[in-house]
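Numbering (our numbering), first residue to last: 1141 to 1595. Idealized CB from N, CA, C, for every residue including glycine.
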Ligand code: FES
Ligand SMILES: [Fe+2]
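Rendered as structure tokens:
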């Protein structure tokens, strides 16, 4: 430790750098029996897009486990261990049946819950099929996504339904994006709002909207479902508040990347709802819904949507800019995106070599919440987010809010005003004090009340 501190203080000091960095294994390892693997196995996770299930089984790897997912002739979806319980042949070569799937090698026939329906080469009175089961996990299909629960069957929680599942734009486009790195690196991006000013705006040109060049006031708050960040930018006579929602353990609801021409309160349009699902320790995929409507995309601005024609004076975008490794290496060097930032941290970043700063408080808070959940599971209890005490759908809090609040002459006083605005709006939203009747539209009464509270 002494050597490392010295190296980072000294110009041309790389010779003294610590070569023995390590990752935070408690947070990163996802295999069965690992602390985080057990934590993640207490939740439902989306594993694939339902439409990808065709007439042959699909091999997938989730949380370090090799599995096969398929829809049988009766329309039921099965998620089975890939190795056949007989002699280990992969069920990705199995034959889908009216009920379940049959292994290609000796024809053993498994139902979607793993029950062995038939062992055709064995004598008819063979008891073996009653003594065994193929490993299976329960699944739920919701709005085109297949979800699985891979934890102890006796602890299987109800499938969690969030309010945003029913949001009119939440079910727009399904997408899956792979990243060859640990799942935490990808999720931490969503707790890190300041990179919007640098990676997405100042350094390589405006990837979303010019307003993001400004460094916002930033706060992070724990919510009943996880945590949010609250960022406020001054934008002429307006204050622009953007809040992203991190839903424990690995889901995020992202506010529209919009410049909100005009006032709005709790505008949840232009959003995405996605999960970062570990494939294993060093790979993951993002999967979820986005409201990107490709038919409405503005030519030349991939992923952008102009909804002005639909619902008033807003340009809403939630682009795929920089979210994949699809561009060439040179293109990515000249205009890197999120994918380049998190993948280049390494297959599993060396946490011991990080130097977290004041703007990383969201990263710190998120890790703390995940670690807390890991330890709660280790003690034999249900972590935050598994069960929901309220009634109805679970709330989500991501939004954009814009209010006309002219700048104060004193920059420090204006800074305090921005923070107070962010806190006042957030307090109301966490308490449910806003008009839910017309989401995404100006709420003059609500905004007047907020202005009054700040006066
Ligand atoms: S290995 Fe699957 S039936 Fe024999
Ligand atoms: Fe980003």
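- Rounded to the nearest whole angstrom, the C-alpha separation of residue 1586 and residue 1353 is 28 Å.
- Here residue 1357 really is in contact with residue 1562; their C-beta atoms are around 6 Å apart, less than 8 Å.
- Every residue whose Cβ sits closer than 5 Å to any heavy atom of ligand 1 is listed here in chain order: 1224, 1226, 1227, 1229, 1243, 1245, 1246, 1248.
- Proximity of the beta carbon of residue 1220 to ligand 2 is not indicated: no heavy atom of the ligand is located closer than 7 Å.
- Between residue 1215 and residue 1209, the gap from beta carbon to beta carbon reaches 8 Å or more.
- The DSSP-derived three-state label of residue 1521 is coil.
- Inter-segment contact for the region 1323-1339 and the region 1563-1572 is absent: fewer than three beta-carbon pairs are separated by less than 8 Å.
- Residue 1152 and residue 1494 have their C-alpha atoms some 19 Å from each other.
- In its chain, beyond the 5 residues on either side, 1229, 1233, 1234, 1235 have a beta carbon closer than 7 Å to the beta carbon of residue 1244.
- Burial check for residue 1473: the Cβ neighbour count within 10 Å stays below 16, so the residue is exposed.
- Excluding its 5 nearest sequence neighbours in each direction, residue 1251 has C-beta neighbours in its own chain below 7 Å: 1239, 1240, 1257, listed in chain order.
- Rounded to the nearest whole angstrom, the C-alpha separation of residue 1269 and residue 1262 is 9 Å.
- Cα atoms of residue 1412 and residue 1246: separation of roughly 45 Å, rounded to the nearest angstrom.
- The beta-bridge partner set that DSSP reports for residue 1317 consists of 1426.
- Within the region 1249-1290, the runs of alpha helix (DSSP H) that reach at least 4 residues and sit entirely inside it are, in chain order, 1268-1271.
- Not one heavy atom of ligand 2 sits closer than 7 Å to the Cβ of residue 1162.
- Its chain contains 1335, 1478, 1481, 1482 as the residues whose beta carbon lies nearer than 8 Å to that of residue 1329, once the 5 sequence neighbours on both sides are disregarded; these appear in chain order.
- Distances from the CB of residue 1533 to the heavy atoms of ligand 2 are all 7 Å or more.
- Counted as a single uninterrupted DSSP element, the beta strand (DSSP E) harbouring residue 1406 occupies residues 1404-1407.
- Within the region 1158-1200, the complete beta strand (DSSP E) segments of 3 residues or longer fall at 1184-1189, listed in chain order.
- As computed with DSSP, residue 1539 is found in a beta bridge with 1383.
- Shown here for residue 1594: same chain residues with a beta carbon closer than 8 Å to its own, the five before and five after excluded, namely 1545, 1557, 1560, 1561, 1564 in chain order.
- For residue 1550, the three-state secondary structure derived from DSSP is coil.
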